[in-house]
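Student: In the working numbering, the protein residues as written are 307 to 735.
We put the beta carbon where it would ideally sit given N, CA and C, even for glycine.
The structure that follows is given in the form of structure tokens.
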Amino acid sequence: MALVSDAKKAAALLRKALRTRSAVKDVRRTLAARPQHPRFHYRVAVYFADGAVNMYQMRQWYKPLAELAETWPVVVLSRAVTGAQALLAEDAPPVAFVPTVRDLEQFIATQDIRVVLYVNQNTRNFQMFRYGRRWHVFINHGESDKMYMTTNQYKAYDYAFIAGDAARDRLSRVLWDYDIEHRTIAIGRPQADHYSGRLPYTPDDRTVVLYAPTWEGDRPSAHYGSILSHGEALVGALLASTRHRVIYRPHPRSGVVLPEYGDANRRIIAAIAAANAAEPSARHVFDDGPDLGWQLSAADVAVVDISAMVYDRLAADKPLMITRPVDPAAAIDTHGYLSACEWLDASVAGSIVAETDRVLADPESVERLERWVRHYFGDTSPGAATQRFHGAVRRLMDEWDAWYARSVDETQDDEPDPDEAELDDAGES
307 MALVSDAKKA AALLRKALRT RSAVKDVRRT LAARPQHPRF HYRVAVYFAD
357 GAVNMYQMRQ WYKPLAELAE TWPVVVLSRA VTGAQALLAE DAPPVAFVPT
407 VRDLEQFIAT QDIRVVLYVN QNTRNFQMFR YGRRWHVFIN HGESDKMYMT
457 TNQYKAYDYA FIAGDAARDR LSRVLWDYDI EHRTIAIGRP QADHYSGRLP
507 YTPDDRTVVL YAPTWEGDRP SAHYGSILSH GEALVGALLA STRHRVIYRP
557 HPRSGVVLPE YGDANRRIIA AIAAANAAEP SARHVFDDGP DLGWQLSAAD
607 VAVVDISAMV YDRLAADKPL MITRPVDPAA AIDTHGYLSA CEWLDASVAG
657 SIVAETDRVL ADPESVERLE RWVRHYFGDT SPGAATQRFH GAVRRLMDEW
707 DAWYARSVDE TQDDEPDPDE AELDDAGES
């Protein structure tokens with residue numbers, strides 16, 4: 307039996323290796339058919355060692371990077387074949403497929419890359435850290451109060467581009483002997499200046515409510531999902547209103563652990579379809595598309611679970627409510643925004659119309675939101691974060707020039723003076 311099991315494993319590994327080899331050839335053929343990378347052209351690289359499963363971490367940076375490339379040409383260093391395939395199929399920056407360290411070395415030897423950006427903490431980032439004479443910068447793929455945001459891995463980078471004061475406070479509480487003032491640069495969230503996607507309806511006088519719940523979670527401390535506890539009552543009340551439009555965007559993993567959670571999700575989707583059939587002008591939306599941005603911009607109020615969506619919505623500087631988890635074991639960070647947010651308890655989910663009216667009209671709620679938005683993201687006026695992002699890169703480019711000039715001067719100082727060399731030679735003779 308053991309021999310049979312081992313043979314099956316070996317066969318599976320062989321099939322996987324053959325698929326990977328075939329995919330690598332496909333990527334190389336695709337790149338070969340495209341214009342070749344100009345030599346010594348790129349100044350900024352985005353290092354992405356992940357595959358297609360984590361492409362959401364890259365996609366949100368496409369538009370900010372495209373604008374940055376107008377000043378400093380940008381290339382993505384893609385290490386995984388499925389990630390490269392996804393990048394080449396999408397509206398990504400130029401891609402260099404460098405699956406091996408040799409490929410990586412050969413490519414960067416032909417470029418003038420001065421700033422390397424990292425969107426996640428993949429362990430293969432370490433393979434890029436070996437190359438000096440360029441800045442290594444962690445830019446992350448979102449803002450939140452999760453433990454991921456205070457990992458000691460921050461210390462591996464020369465700099466980190468962070469969202470704002472909340473990030474600095476968070477890092478200062480956790481990281482020992484980390485020079486936050488020098489090594490972090492606040493840029494806000496430039497992605498919020500480049501929301502993607504188009505409205506699937508024509509705006510009218512309806513109040514638009516985005517309900518974006520997360521999945522049910524796979525352990526008690528992460529039981530943040532609200533579809534089963536809040537969702538049906540909440541969406542049902544909004545569908546019954548003639549003054550509201552629902553945008554329902556559930557997490558794609560909804561129901562993977564609890565079948566009843568998935569059942570509730572499907573009932574909500576069916577209810578939206580029935581409401582639209584009964585009143586086509588309502589134009590309620592079930593949204594499962596790849597684009598995230600237009601929903602945050604279009605919604606007058608957002609109702610979200612404890613997830614990254616909290617901070618994506620904060621960056622939009624618009625009212626939001628957060629569903630309070632019904633599981634008392636669910637972990638809630640009390641240092642940041644969750645200590646003073648607008649909670650929506652399951653017991654009042656059916657009163658969402660009144661709750662929505664309240665957060666839109668209550669001056670204290672509006673003022674409190676503005677205060678937290680500034681704390682997390684600074685100035686969120688259109689274009690402000692993009693300007694700070696470009697300014698941060700410009701600062702590092704200037705620092706690169708200064709360090710490079712200094713290193714050249716030191717190299718020249720170490721070289722022997724020609725006249726002195728002649729005297730030494732004469733003395734030796």
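Who are the near neighbours of Ala646 in its chain, counting only those whose CB is closer than 8 Å to its CB and skipping five residues on each side?
Tutor: Arg674 and Trp678
Student: I need the DSSP call for Met364, collapsed to helix, strand or coil.
Tutor: DSSP places Met364 within a helical segment (H, G or I) once states are collapsed to three.
Student: Mapping DSSP to helix, strand and coil, what is His550?
Tutor: Residue state, collapsed to three classes: strand.
Student: What first and last residue would you give for the alpha helix (DSSP H) that runs through Ile575?
Tutor: Pro565 to Ala584
Student: Taking Val330 as the reference, which of Val480, Gly357, Asp593 and His347 has the closest Cα?
Tutor: In terms of CA proximity to Val330, Gly357 leads the group Val480, Gly357, Asp593 and His347.
Student: Using only the alpha-carbon positions, how far apart do Ala614 and Pro565 sit?
Tutor: 24 Å
Student: Is the region 483 to 491 in contact with the region 528 to 536, if contact means three or more CB pairs nearer than 8 Å?
Tutor: no
Student: Output needed for His500: all residues of its chain with C-beta closer than 7 Å, excluding positions within five of it in sequence on either side, in chain order.
Tutor: Lys369 and Pro370
Student: From Arg572 to Tyr554, what does the alpha carbon distance come to, in whole angstroms?
Tutor: 12 Å
Student: Would you kindly work out how many angstroms separate the C-alpha atoms of Arg420 and Pro596, rounded to a whole number?
Tutor: Spanning the two alpha carbons is a distance of roughly 32 Å.
Student: Which parts of the region 380 to 455 are runs of the beta strand (DSSP E), unbroken and 3 residues or longer, counting only runs that do not cross its ends?
Tutor: With a minimum length of 3 residues, the continuous beta strand (DSSP E) runs that stay inside the region 380 to 455 are 380 to 384, 401 to 403, 421 to 424 and 441 to 444.
Student: Cutting at 7 Å between CB atoms, please list the residues of its own chain near Ala372, excluding the five before and the five after it.
Tutor: Pro399
Student: Between Tyr507 and Leu602, what straight-line distance do the alpha-carbon atoms span, to the nearest angstrom?
Tutor: Cα to Cα, the separation comes out at about 15 Å.
Student: Out of curiosity, what's the CA-to-CA distance linking Gly537 and Ala655?
Tutor: 8 Å
Student: Along the chain, where does the beta strand (DSSP E) that runs through Thr490 open and close?
Tutor: Thr490 to Ala492
Student: Under the rule that 16 or more other beta-carbon atoms within 10 Å means buried, what is Trp521, buried or exposed?
Tutor: buried
Student: So what does DSSP say about Val607, is it helix, strand or coil?
Tutor: strand
Student: Is Ala338 helix, strand or coil by DSSP?
Tutor: helix
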